[in-house]
Amino acid sequence: MIKKICTVVVLFVLTSCNELQQVIDTLPQGTGITPTEMANGLRQALDFGIDKQVTKLTQTDGFYRNELVKILLPEELQKVDKALRDIGLSSLADEGLKVLNRAAEDAVGTATPIFVNAVKNISFADAKGILLGPDDAATNYLKLNTETQLFASFEPVIKKSFSKVGADDIWSNLITRYNAIPFTTDVNPDLTNYVTGEALKGVYRMIAVEEKDIRTQLSSRTTDLLKKVFALQD
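Residue numbers (my numbering): 351 to 584.
So this is what it looks like as structure tokens:
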């Protein structure tokens with residue numbers, strides 16, 4: 351077992367396809383894995399995470415009813431939420447929170463094509479760091495290669511969604527009510543930028559959940575390729 355682990359570690363240090371294949375050929379008989387299978391296995395794991403977890407976030411209450419990713423109020427608005435609840439306007443405060451999450455659910459629908467393109471571009475150099483990396487190594491690869499593009503994609507959708515789901519009217523009413531409370535300091539936050547950032551965090555968090563399951567739970571390796579590739583990191 352020790353010899354096998356050491357051999358696999360050496361395999362991922364090498365960078366060229368020829369060197370990679372030479373080391374694979376030295377693995378104990380029965381391993382039967384190729385560089386292409388390794389890369390494809392990692393792509394498949396990320397595709398599963400995107401399909402299974404990111405799709406959930408696009409559904410109604412995908413953010414709002416998921417405590418892992420639910421978007422809470424920014425710090426400067428937490429006092430608004432508390433003040434409104436203290437004077438009996440809890441339903442208005444709840445509605446204000448809900449529309450922020452609805453906007454995120456709308457925006458995540460634009461993520462899949464961006465993720466798919468990033469997954470296609472996984473190289474052998476990427477693979478060596480991902481497969482033997484931490485439980486969220488593949489997710490971090492996606493974050494590095496998609497975050498800027500996703501932010502640019504999410505922000506206009508969230509801005510438009512605020513109008514569609516009534517967030518502009520709700521928050522205008524909510525903040526007006528708050529600002530009318532005696533002895534409070536008026537607020538006027540940039541919610542579009544804030545929700546965009548929180549939506550991104552939620553997307554990567556859910557992909558990381560799926561990645562960790564595949565790495566640590568044999569039952570989550572639902573294809574022969576996933577079983578074969580991730581057995582190397584066990």
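For every residue, glycine included, the Cβ atom is placed at its ideal position computed from N, Cα and C.
Within 10 angstroms of its Cβ, does residue i collect 16 or more other Cβ (buried), or is it exposed?
| i | result |
| --- | --- |
| I564 | buried |
| Q428 | exposed |
| E425 | exposed |
| G399 | buried |
| I437 | exposed |
| D486 | buried |
| A549 | buried |
| A502 | exposed |
| Q379 | For Q379, the predicted structure reports a pLDDT of 45, less than 50, and the residue's modelled location is therefore unreliable. The matter cannot be settled from this model. |
Using a Cβ-Cβ cut-off of 7 Å (strictly less than) and excluding sequence neighbours within five positions of residue i, which residues of its own chain qualify?
| i | result |
| --- | --- |
| D431 | L423 and A443 |
| T386 | none |
| I480 | L392, A487, A488 and Y491 |
| K353 | Confidence at K353 is low in this model, with a pLDDT of 39, below 50, so its placement is unreliable and no value can be given for it. |
List the whole-angstrom C-beta distance separating residue i from residue j, where the pair is believed to meet the contact cut-off of C-beta under 8 Å.
| i | j | result |
| --- | --- | --- |
| I531 | A454 | I531 to A454, Cβ: 28 Å. No contact. |
| T496 | F465 | 6 Å |
| T542 | G459 | That belief does not hold up - the Cβ atoms of T542 and G459 are roughly 17 Å apart, past 8 Å. |
| L392 | A488 | 6 Å |
| A475 | L500 | With a Cβ gap of about 23 Å, A475 and L500 do not count as contacting. |
| L492 | L582 | The Cβ separation is near 21 Å, so there is no contact. |
| M388 | A477 | 5 Å |
| F527 | L447 | The residue asked about is misnamed: residue 527 is Arg in this sequence, not Phe. Rounded, the Cβ-Cβ distance is 15 Å, inconsistent with contact. |
With a CB to CB cut of under 6 Å and the five nearest residues on each side skipped, what residues in its chain are close to residue i?
| i | result |
| --- | --- |
| L450 | I421 and V545 |
Going by C-alpha to C-alpha distance, which of the options sits closest to residue i?
| i | options | result |
| --- | --- | --- |
| K510 | S473, R452 and N523 | R452 |
| Y414 | I520, E445 and G547 | E445 |
| Q403 | T566, K562 and D584 | K562 |
| N390 | T410, G547, N471 and T405 | N471 |
| P463 | D411, R571, I520 and T405 | T405 |
| L482 | N529, V579 and N467 | V579 |
| N523 | S441, T410, N416 and D411 | S441 |
| L346 | T566, V469 and K514 | It is not possible to answer for residue 346, since the shown part of the chain is limited to 351 through 584. |
Within its chain, find whatever has a CB closer than 8 Å to the CB of residue i; leave out the 5 residues flanking it on each side and keep chain order.
| i | result |
| --- | --- |
| L418 | G552, R555, M556 and V559 |
| T573 | Q394 |
| L575 | E387, N390, G391 and Q394 |
| S473 | A389 |
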